[in-house]
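Engineer:
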Amino acid sequence: MADPRQVNELEHEKIGTLMWRYFLPAFASMMANVLYNIVDRIYIGQGVDALALSGLSVVFPLMIVIMAFGMLVGMGSAVRISLSLGEKDYGRANRILGNALFLSVVIGFALMITGFLMRDRVLVIFGAGPDTLKYASDYFNIILLGVPFAMTGYALNNIIRAEGNPRIAMYSIFVSAGLNIILDPIFIFGLDMGVEGAAWATIISQLVLFVWVLAHFRSRKSVTRLVLANVRPDLYIIKYIISIGFAPFAMNIAASLVIGVMNASFIKYGGDIAVAAMGIVHSTTMMMVMTIISINMAIQPIIGFNFGAGLFCRVKEAVMMAIWYATLVATAGWLICMLIPGTVVSIFNSDSIELRDAGVIGLRIYCSVLPVVGFQIIASNYFQAIGKAKLATFLSLLRQIIVLLPLIFILPEYLGVNGVWIANPVSDMVAAVVSFIYFRREMKKLKCEIPVTGPASAGITSSAETC
C-alpha cells in the first residue's frame, strides 16, 4: 500500500517544491557516478600525458557496456521488487533480490573472462591506436578484475532505492566516489602508478560499494533481506528481471556503440589527439546531461502520478517547469563551451598545445546547439512517464542511432575530422525538431481532454479544470 503522505504530497504539494525535493538525491547520485570517470581523466591528463588520456577515452565505452548490464539487472529487479513490496509479498521480494545477486555475479564474471579473451581486439575496434593501445590495455586489464564488484554494487544499489531508501543509495555512491577521488592522486602521483593507479583506485572504490550494499541487505535498515537460500536461479524471476531491464540496457549499449564508432572515426581522420579531445568534450557535456537527467528523474513520479489521477494542469506545470530548468542548464553549459573552451580543456590537460586546439574546436562544434538538448531529453522522458514507452524509446534512439550513426560515416568523407564533430549538433537538432512535433501534439491533447475524476484512461472529460 502506498504511503498516504507521499500520495498527498504528489497530489497537493507545489510542483516547484516537489521537484526540488526529488531532484537533490537524484542529482547527488548522478554527479557522484560521473566523478568516477571525470576524476580519472583529469588526474591522468595532468599527471601522465595526452596519449594516456586518449587511452582512457577508448576504455570509456567499454565501461558503459558494463554499466548497461548493471542496469539490465538493477532496473529490472528494482521494478519487480517495488511491485512485490506494494503487494506485501516480502518473500517474493527477497527471492528477486537473491536472483539479482546471482545474475550480477554470473554476468560480471562472464564479462570479465570475455574481456580478457578479447581485450586488445576490442580496444582497437573502439579506437585504440598504436601509441595508445598500451595505456588502454594497462587500464582495462585492472578494470576487468573489478567487473563482478562493479556489476553487483551498481545493480543492488538500484534495489536500495526501489525499496524506499533513496538516501542510503545516495550515500553508497558518495562513499564509493569519494574514495575514488582520494585514492586517485595517491596512486597516480604518490606511488607513481600512472594509468594503472587510476584503475586500482576505481576497482577498490567499486569493491567498497559491493561490500556496502551487501551489508545493507543484511542490516535492519533493509526492507528486503538477503538470504543465502534465495541466491539460486529461478528462471521465472530471471525472465521478468531481464524483460523490464532490457530497455535501459539497449539504450546504454547504443551509447557505447556510438562512442566506439566516433573514436574509430577520430583515429582515422584526426589521430590519437582527436580521441583525447573527444574524451574531454564527452566529460564536459556529461556533467550537463546528467544534471538534465536528474531533472528527468525528479519529475517522472510527479508526472506519472498526476497523469494517472487526471490532474493534467499539474502534469503540464511539471513538464514545462522541467523544460525551463533543463534549457537553463543546457544554455549555461553552451555559454561556458563557447566563451571559455580553452579553460575547460586545460582542466584536463595543460601541457599539449595540440590537444588544447583540438579540444577547443571540438567543444565549440559539439556544443553548438546544446540549448535544444534540454528540451529533447525532457520531451522524450515525458512520453515514458505517461506510459508511451515505444515513442519515448524511438525519440531517444533517434539521436544516437537513426541520425547520428550514419552521419558519423558520411560527413567525415567530405569534411574530415570536423565532420565527426558536426554530426553531433546536426543529430541534436533533428531529434529536437521531431521531439517538438510529437510533444506539441501531446500538449494540445492534454489541454483539451481533462477528466473530472478517476484515472486518465477513464475517458470522461470536462472543462472544469483549465490549464
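Counted the way this note's numbering counts, the sequence shown spans residues 416 to 882. In this text, a Cβ means the ideal position worked out from N, Cα and C, and glycines have one as well. Model, not experiment: these values are computed from the prediction.
Exposed or buried, what is Gly757 when buried is set at 16 or more other beta-carbons lying within 10 Å of its beta-carbon?
Structural biologist: Under this definition Gly757 is an exposed residue.
Engineer: Looking at chain B, is there any beta carbon in it that lies within less than 8 Å of the beta carbon of Pro840?
Structural biologist: You won't find chain B in this structure, because it holds only one protein chain.
Engineer: Please state whether DSSP places Met608 in a helix, a strand or coil.
Structural biologist: Note: Met608 maps to coil in three-state DSSP.
Engineer: On the criterion of 16 or more Cβ atoms from any shown chain inside 10 Å, does Gly431 qualify as buried, or is it exposed?
Structural biologist: Gly431 is exposed by the Cβ-count criterion.
Engineer: Assess contact between the region 739 to 746 and the region 778 to 791, defined as three or more Cβ pairs (one per stretch) separated by less than 8 Å. Is contact present?
Structural biologist: These segments touch.
Engineer: If you follow the alpha helix (DSSP H) that Thr742 is part of, which residue opens it and which one closes it?
Structural biologist: Run containing Thr742: 727 to 754, per the alpha helix (DSSP H) assignment.
Engineer: For Met434, count neighbouring Cβ atoms within 10 angstroms of its own Cβ and tell me buried if that reaches 16, exposed if not.
Structural biologist: Buried, by the Cβ-count rule.
Engineer: Would you kindly check if the distance between the Cβ of Phe798 and the Cβ of Leu810 is under 8 Å?
Structural biologist: Contact flag set, yes.
Engineer: Quick one: any contact between the region 559 to 575 and the region 604 to 624, if contact means 3 or more CB pairs under 8 Å?
Structural biologist: Contact between the region 559 to 575 and the region 604 to 624 is present, because at least three Cβ pairs lie under 8 Å.
Engineer: Do Met446 and Met705 have their beta-carbon atoms positioned less than 8 Å apart in this structure?
Structural biologist: Cβ atoms of Met705 and Met446: closer than 8 Å.
Engineer: For the alpha helix (DSSP H) containing Phe824, list its first residue and its last residue.
Structural biologist: Where Phe824 is concerned, the enclosing alpha helix (DSSP H) stretches over 820 to 830.
Engineer: Would you decide whether Pro476 is buried or exposed? Buried here means 16 or more other CB atoms lie within 10 Å of its CB.
Structural biologist: By the neighbour-count rule (16 or more Cβ atoms within 10 Å), Pro476 is buried.
Engineer: Compare the beta carbon distance of Ser680 and Ile823 with 8 Å and say whether it is the shorter of the two.
Structural biologist: Yes.
Engineer: Using 8 Å for Cβ pairs, my map puts Arg495 next to Tyr651. What's the rounded Cβ distance?
Structural biologist: Wrong, their Cβ atoms sit about 11 Å apart, outside the cutoff.
Engineer: Taking 8 Å as the limit between beta carbons, can you name the residues of its chain near Ala443, skipping five residues before and five after?
Structural biologist: Result list for Ala443: Met585, Ile588, Phe589, in chain order.
Engineer: Just tell me which of Met482, Ile603, Thr547 has its CA closest to the CA of Gly523.
Structural biologist: Per the Cα distances, Met482.
Engineer: Whose CA, out of Glu732, Asp772, Leu624, Val841, lies closest to the CA of Lys429?
Structural biologist: For the residues Glu732, Asp772, Leu624, Val841, the minimum Cα distance to Lys429 belongs to Glu732.
Engineer: Excluding the 5 residues flanking Leu559 on each side, which residues of the same chain have their C-beta closer than 7 Å to its C-beta?
Structural biologist: Here the set comprises Met527, Gly530, Phe531.
Engineer: On the criterion of 16 or more Cβ atoms from any shown chain inside 10 Å, does Gly582 qualify as buried, or is it exposed?
Structural biologist: The question names Gly, but residue 582 in the sequence shown is Arg. With fewer than 16 Cβ atoms within 10 Å of its Cβ, Arg582 is classed as exposed.
Engineer: Where does Thr547 sit, in a helix, a strand or coil, going by DSSP?
Structural biologist: Looking at Thr547 - three-state DSSP - the assignment turns out to be coil, as it is neither helix nor strand.
Engineer: Can Ile710 and Ala737 be called in contact, C-beta distance under 8 Å?
Structural biologist: Taking 8 Å as the Cβ cut-off, Ile710 and Ala737 qualify as a contacting pair.
Engineer: Spatial neighbours of Ser519 within its chain, please: C-beta separation below 6 Å, excluding the five flanking residues on both sides.
Structural biologist: Only Val488, Met566, Thr567, Ala570 meet the Cβ criterion.
Engineer: Taking the alpha carbon of Ile674 as the reference point, which residue from Met701, Ser552, Phe854, Phe632 has its own alpha carbon closest?
Structural biologist: Minimum Cα distance to Ile674 is reached at Met701.
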